[in-house]
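J.: Residue numbers (the numbering used here): 679 to 822.
By construction, the Cβ of each residue, glycine as well, lies at the ideal position given by its N, Cα and C atoms.
Just so we're clear, the structure is a prediction, and the values are computed from it rather than from any experiment.
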Amino acid sequence: MYKNKIEQLLDRCLKSKKTLTPSRIQIFKTLAKYSKPQSAYDLKDAVNKKRDTSLNISTIYRVLDFWIKLGAIHKISSINKYIVCLKPNEKHTHMLNYCTRCEKVFESCTKEMNLDFKASAAKLDLVFNNTKTIEIPVICPSCN
679 MYKNKIEQLL DRCLKSKKTL TPSRIQIFKT LAKYSKPQSA YDLKDAVNKK
729 RDTSLNISTI YRVLDFWIKL GAIHKISSIN KYIVCLKPNE KHTHMLNYCT
779 RCEKVFESCT KEMNLDFKAS AAKLDLVFNN TKTIEIPVIC PSCN
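#1: What residue range is occupied by the uninterrupted beta strand (DSSP E) comprising residue 751?
#2: Report the residue from 799, 685, 707, 698 whose alpha carbon sits nearest the alpha carbon of residue 761.
#3: In three-state terms, what does DSSP make of residue 748?
#4: Just to confirm my understanding: we take residue 738, look at its own chain, exclude 5 residues before and 5 after, and list those with CB closer than 6 angstroms. What are they?
#5: 9 angstroms is my cut-off, CB to CB: does residue 685 come that close to chain B?
#6: Determine the burial state of residue 779: buried for a count of at least 16 other Cβ atoms within 10 Å of its Cβ, exposed for fewer.
#7: Quick check on this structure: which residue in 735, 772, 728 has the alpha carbon closest to the alpha carbon of residue 749?
#8: May I ask which residues mark the beginning and end of the beta strand (DSSP E) holding residue 815?
#9: So, at 6 angstroms on beta carbons, what are the nonlocal neighbours of residue 784 in its own chain, with the 5 sequence-adjacent residues on each side left out?
#10: Just checking my contact of residue 797 with residue 805 at CB under 8 angstroms: how many whole Å lie between their CB atoms?
#11: Can you give me the C-alpha to C-alpha distance between residue 766 and residue 816, rounded to a whole angstrom?
#12: Rounded to the nearest angstrom, what separates residue 814 and residue 756 at their Cα positions?
#13: In three-state terms, what does DSSP make of residue 801?
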């Protein structure tokens, strides 16, 4: 199940000259099992249930930051939770439409939503920084 994804992660790490450690793989695999965003503490509990050693919360946060910088996962800052990026190789501004009731996430991009933040920012004499994920709180069809 994870073989192709792990190979992609290994390739991404090699291109970035980063090391793919057992803890990084385990935390990514654990997060990838969930369809809804997870907190760092939830991940810590889930990872430590399956390991002989115990990872502390600061290790979990360091690994999450590592994957965020590589674009493999997203942090939903408003709810302080994390989710695996569905399209890590695409070069666009990721938009996470998350249901404020059930926390289901619908990942989209500015292109899919016909949004041009670059042009909008330019009208205000600003430069759009597309290195961050945009969060959009929504109510999904199931919760509506």
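T.: In terms of the structure at hand:
#1: For this step, residue 751 is matched to residue 73 along the sequence shown. The continuous beta strand (DSSP E) containing residue 751 extends over residues 751-754.
#2: Taking the first residue of the sequence shown as 1, we reach residue 761 at position 83. When only C-alpha atoms are compared, the closest one is 707.
#3: As a working note, residue 748 is residue 70 in the sequence shown. Residue 748 falls in the helix class under three-state DSSP.
#4: By one-based count along the sequence shown, residue 738 stands at place 60. 718, 721, 722.
#5: Considering every chain present, this structure includes no chain B. It has just one protein chain.
#6: Taking the first residue of the sequence shown as position 1, residue 779 is located at position 101. Exposed: under 16 other Cβ atoms inside 10 Å.
#7: In the sequence shown, residue 749 corresponds to position 71, counting from 1. For residue 749, the nearest C-alpha among the options comes from 772.
#8: Numbered from its first residue, the sequence shown carries residue 815 at position 137. From DSSP, the beta strand (DSSP E) with residue 815 extends over 812-816.
#9: The residue you call residue 784 lines up with position 106 of the sequence shown. 775.
#10: Translated into the one-based positions of the sequence shown, residue 797 becomes position 119. Translated into the one-based positions of the sequence shown, residue 805 becomes position 127. Not confirmed; about 11 angstroms, so no contact.
#11: The residue given as residue 766 occupies position 88 in the sequence shown. The residue given as residue 816 occupies position 138 in the sequence shown. Whole-angstrom Cα-Cα distance: 22 angstroms.
#12: As a first step, residue 814 must be located in the sequence shown, where it is residue number 136. As a first step, residue 756 must be located in the sequence shown, where it is residue number 78. Spanning the two alpha carbons is a distance of roughly 10 angstroms.
#13: By one-based count along the sequence shown, residue 801 stands at place 123. In the structure shown, residue 801 sits in a helix (DSSP, three-state: H, G or I).
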